[in-house]
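Enquirer:
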Amino acid sequence: MQNNENKRVYVIGQTEIAARPLTPALYLVATPIGNLGDITLRALETLAGADHVACEDTRVTRVLLDRYGIRQRPTAYHEHNAGEAGPRLIEALENGRSVALVSDAGTPLVSDPGFRLVGQAQERGIRVVPIPGASAVLAALTASGLPSDAFFFGGFLPVKDGQKRTRLEEVRTVPGTLIFFESPRRVADTLEAMADVLGARQAAIGRELTKAFEEIRTGTLAELAAHYAAADTPKGEIVICVAPPAERTETADDVDKLLLSLAKEMPASKAAAEAARMTGQQKPALYRRLLELREGSGD
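Just so you know, we're using my numbering here: the sequence shown kicks off at 34 and counts up by one.
1. Quick check: the Cα distance between residue 35 and residue 162, rounded to an integer number of angstroms?
2. Starting from residue 251, follow the beta strand (DSSP E) in both directions and report where the run begins and ends.
3. Can you give the Cα-Cα distance for residue 108 and residue 79, rounded to whole angstroms?
4. Would DSSP call residue 85 helix, strand or coil?
5. With respect to the alpha helix (DSSP H) encompassing residue 239, which residues constitute its N-terminal and C-terminal limits?
6. Taking residue 55 as part of the alpha helix (DSSP H), name the residues at either end of that continuous run.
7. Output the distance between the C-alpha atoms of residue 292 and residue 284, rounded to the nearest integer angstrom.
8. Rounding to the nearest angstrom, what Cα-Cα distance links residue 274 and residue 252 in this structure?
9. Give me the Cα-Cα distance between residue 151 and residue 59, rounded to the nearest whole angstrom.
10. Exposed or buried, what is residue 48 when buried is set at 16 or more other beta-carbons lying within 10 Å of its beta-carbon?
11. Within its chain, find whatever has a CB closer than 7 Å to the CB of residue 178; leave out the 5 residues flanking it on each side and keep chain order.
12. Name the DSSP beta bridge partners of residue 61, please?
13. How is residue 36 classed by DSSP in three states: helix, strand or coil?
14. For the beta strand (DSSP E) holding residue 212, just list the boundary residues, first then last.
15. Going by beta carbon distance, what residues of the same chain come within less than 7 Å of residue 42, once the five residues before and after it are set aside?
16. May I ask you to list the residues that DSSP assigns as paired with residue 185?
17. Rounded C-beta distance between residue 123 and residue 157? I'm assuming under 8 Å.
18. State buried or exposed for residue 33, treating a residue as buried only when at least 16 other CB atoms are found within 10 Å of its CB.
19. Secondary structure at residue 67, three-state DSSP: helix, strand or coil?
20. Please classify residue 315 as buried or exposed, where buried requires at least 16 neighbouring CB atoms within 10 angstroms.
21. Is the Cβ-Cβ distance between residue 276 and residue 206 less than 9 Å?
22. Have a look at 204, 95, 142 and 63 and flag the residue whose alpha-carbon is nearest the alpha-carbon of residue 184.
23. Which of the three DSSP states is assigned to residue 119 in this structure?
24. Tell me which residues share the same chain as residue 68 and place their Cβ nearer than 8 Å to its Cβ, disregarding the 5 neighbours each side in the sequence.
25. On the three-state DSSP scale, how would you describe residue 220?
26. Using C-beta distances below 7 Å, list every residue in its chain close to residue 295, excluding the 5 sequence neighbours before and after it, in chain order.
27. Throw me the rounded Cβ distance for the residue 230 and residue 190 pair, which I believe falls under 8 Å.
28. Output needed for residue 173: all residues of its chain with C-beta closer than 6 Å, excluding positions within five of it in sequence on either side, in chain order.
29. Just verifying my parser: in three-state terms, what is the DSSP assignment at residue 410?
30. Across the stretch 253-273 and the stretch 214-225, are there enough close Cβ pairs to call them in contact, namely three or more that are closer than 8 Å?
31. In chain order, what residues of the same chain have a beta carbon less than 8 Å from the beta carbon of residue 298, not counting five sequence neighbours either side?
32. Closest by CA to residue 267, which one among 248, 279, 254 and 280?
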């Protein structure tokens with residue numbers, strides 16, 4: 034007789050459903066980002082049927098498992114114990130066991146160390162299976178009203194202001210919507226830095242997505258910075274979406290004038306680099322064009 038503690042089942046409403054056996058593999062299981070109803074049936078069956086469930090915080094994952102009657106004993110796998118826990122999970126996989134990896138919320142590997150485990154599994158020829166589901170990045174993007182045909186996820190920006198502005202400068206010309214996670218305590222300062230570096234762009238703040246006090250606030254970066262600077266520190270998780278840069282309409286003559294103007298103040302290489310930053314064009318092509326203009330003028 035099967036021990037009740039070892040029954041591989043999950044519960045929907047009042048119905049207990051047996052989980053089918055899993056093929057040995059590393060399963061990357063997306064979990065809800067707030068609302069426990071945002072879990073897929075495939076994810077539930079995977080969590081119930083896996084030989085091992087690895088997670089960031091066993092207490093957080095235990096809440097989800099209990100909600101759906103899953104009798105698993107999750108083990109911790111996070112940034113601080115990956116060096117010890119990772120080899121144990123790889124050993125289990127090499128011994129023909131199945132491992133389900135989850136994060137505290139959302140899709141594993143997004144801003145967590147799971148990518149190391151996936152890399153180790155792939156190096157050993159172990160099958161990796163994604164079980165898609167909730168994602169704070171995609172939830173915020175779709176509700177933002179900003180272009181979604183191309184986007185760049187930047188994770189958390191550096192805490193120090195100088196480093197933060199340098200990073201924003203690096204992504205300033207990315208031709209897609211920018212998406213970042215941010216702490217509620219830093220959101221006002223981050224929005225101010227974004228307004229300074231990225232300019233007058235539209236943006237959207239997703240707060241407490243899928244939860245009872247969910248909020249989507251839109252406006253320009255400057256407007257949002259002013260709002261959060263004046264308001265009390267918001268509560269909950271924050272996702273910032275920023276519109277792509279406006280399409281540039283500089284003519285070839287405009288670019289030539291810019292290059293020559295910059296070249297009066299700095300070396301050719303630096304002038305080309307600055308022009309590239311300002312126009313979004315490639316530095317090598319601008320450098321060659323500047324040399325052509327100088328040769329043509331006899332300078």
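All residues carry an ideal CB built from backbone N, CA and C; glycine is no exception.
Remember, predicted model here, so these are calculated numbers, not experimental data.
Expert: Inspection of the coordinates gives the following:
1. With a pLDDT of 44 at residue 35, under the threshold of 50, the modelled position of that residue is not reliable, and no figure is offered here.
2. Boundaries of the beta strand (DSSP E) around residue 251: 248-253.
3. 16 Å
4. strand
5. Where residue 239 is concerned, there is no enclosing alpha helix (DSSP H), although the beta strand (DSSP E) around it starts and stops at 235-240.
6. Here residue 55 belongs to no alpha helix (DSSP H), and DSSP marks it neither H nor E.
7. One C-alpha to the other measures close to 13 Å.
8. 11 Å
9. 8 Å
10. It counts as exposed.
11. For residue 178, the CB contacts under 7 Å within the same chain, skipping 5 residues up- and downstream, are 237 and 251 in chain order.
12. 134 and 163
13. Caution applies to residue 36, whose pLDDT of 49 falls short of 50 and renders its modelled position unreliable; the value that the coordinates give is listed next. In this structure, residue 36 counts as coil in the three-state DSSP scheme.
14. Counting along the chain, the unbroken beta strand (DSSP E) around residue 212 starts and ends at 210-215.
15. 49, 50, 51, 52, 81 and 102
16. 211
17. 7 Å
18. The structure shown has nothing for residue 33, since the chain only spans 34 to 332.
19. coil
20. When all chains shown are included, residue 315 counts as exposed.
21. no
22. 204
23. Helix.
24. 243 and 244
25. Looking at residue 220 - three-state DSSP - the assignment turns out to be helix.
26. Here the set comprises 304, 307 and 308.
27. Rounded, the Cβ-Cβ distance is 11 Å, inconsistent with contact.
28. 239, 272 and 274
29. The shown model of the chain, from 34 to 332, leaves out residue 410, and the question about it has no answer.
30. yes
31. Cβ neighbours of residue 298 beyond the five flanking positions: 304.
32. 248
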